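Worksheet for the structure shown next.
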Amino acid sequence: QIEAESDSKRKAEEEVAKRIAKERKVLKNKIASAFIDTADPEYIAAHQIEAEPANVFSEEDGLVYLASEIGEDVEGLADIAKQVAAFVGYQKLALTIIGGLKTPVSKKKTPMEWVEIHALVSELRKELGVVRDEQ
1085 QIEAESDSKR KAEEEVAKRI AKERKVLKNK IASAFIDTAD PEYIAAHQIE
1135 AEPANVFSEE DGLVYLASEI GEDVEGLADI AKQVAAFVGY QKLALTIIGG
1185 LKTPVSKKKT PMEWVEIHAL VSELRKELGV VRDEQ
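Here the numbering used here is used: the first residue of the sequence shown is 1085, the next is one more, and so on.
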């Protein structure tokens, strides 16, 4: 009984790791496409990243989109959430993924806190060599 429980727990943890790895990769590629001029040129070339201006929102529209993805009002968005949106360049799919991390559709998935999402996005930006304008 206990063995079966730890087995299913391990499987669940592996599923989470796989999901995060996949979402992390897509997120990284979308950040790269939003910041194509400043991202690592070798990464851009190796992954055939292209700019997708049609899939990048203005700040205002990006925040509205993110808020709708997580079921909040724009006014209710925390500053850290707004920073995360800016950090992904208001890229549509990136905002969709972030929305899914914050408020997963499936009850089986554990929601991530903004601070965790911020750390993830910051890490990906570092890997890509994308830094904030004010840095």
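Using N, Cα and C, we set each Cβ at its ideal position, and we do this for glycine too. Since this is a predicted model, take the numbers as computed values, not measurements.
Asked: Would you tell me roughly how many angstroms separate the C-alpha atoms of Ala1170 and Lys1192, rounded to the nearest one?; Found: 29 Å
Asked: Apply the 10 Å Cβ neighbour rule to Val1172 and answer buried if 16 or more other Cβ atoms are within range, or exposed otherwise.; Found: buried
Asked: What ranges does the alpha helix (DSSP H) occupy inside the region 1182 to 1211, keeping only unbroken runs of at least 4 residues that lie completely in it?; Found: none
Asked: Looking only at its own chain, which residues have a Cβ that is under 6 Å from the Cβ of Ala1165, when we skip the five neighbours before and after it?; Found: Trp1198
Asked: So is Gly1146 buried or exposed if we call it buried at 16+ other beta carbons inside 10 Å?; Found: buried
Asked: Note the first and the last residue of the continuous alpha helix (DSSP H) segment covering Asp1124.; Found: It is not in any alpha helix (DSSP H) - Asp1124 carries neither H nor E in the DSSP assignment.
Asked: For Val1140, which of helix, strand or coil comes out of DSSP?; Found: strand
Asked: Nearest CA to the CA of Asn1139: which residue from Ile1154, Pro1125, Ala1116?; Found: Ala1116
Asked: Which residue from Ala1088, Tyr1149, Phe1119, Glu1134 puts its Cα closest to that of Val1215?; Found: Phe1119
Asked: Going straight from the alpha carbon of Val1205 to that of Asp1163, what length do you get?; Found: 15 Å
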